[in-house]
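A.B. asks:
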Amino acid sequence: MTADDARQGLQNHLDVFRAVERVEQLTGCLEDTPEEAELAGLVAALEDWLIANPYRK
């Protein structure tokens, strides 16, 4: 998943869970790398998606 994919691709809760898994994989290996940009895109996409789709029990 690229940063652009992350910005465009969160459609449902499964996508969010996949994004969270990817964020966990990227943690700790970032500074000045393509993964840093990918993580920023994932986080922005997660924030946007969660605002638009609040979790309801």
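For what it's worth, my numbering labels the leading residue of the sequence shown as 5, then goes sequentially.
Virtual Cβ for every residue (Gly too), placed ideally from N, Cα, C.
From what residue to what residue does the alpha helix (DSSP H) around E42 run?
C.D. replies: Taken as a continuous stretch (DSSP letters only), the alpha helix (DSSP H) holding E42 covers P38 to A56.
A.B. asks: Tell me the rounded alpha-carbon separation between R60 and L18.
C.D. replies: One C-alpha to the other measures close to 15 Å.
A.B. asks: Exposed or buried, what is E51 when buried is set at 16 or more other beta-carbons lying within 10 Å of its beta-carbon?
C.D. replies: Looking at its Cβ environment, which holds fewer than 16 other Cβ atoms inside 10 Å, E51 is exposed.
A.B. asks: For L43, is the classification buried or exposed, using 16 other Cβ atoms within 10 angstroms of its Cβ as the cut-off for buried?
C.D. replies: Its Cβ being crowded by 16 or more others within 10 Å, L43 is buried.
A.B. asks: Mind checking L54: buried by the 16 CB within 10 Å criterion, or exposed?
C.D. replies: It counts as exposed.
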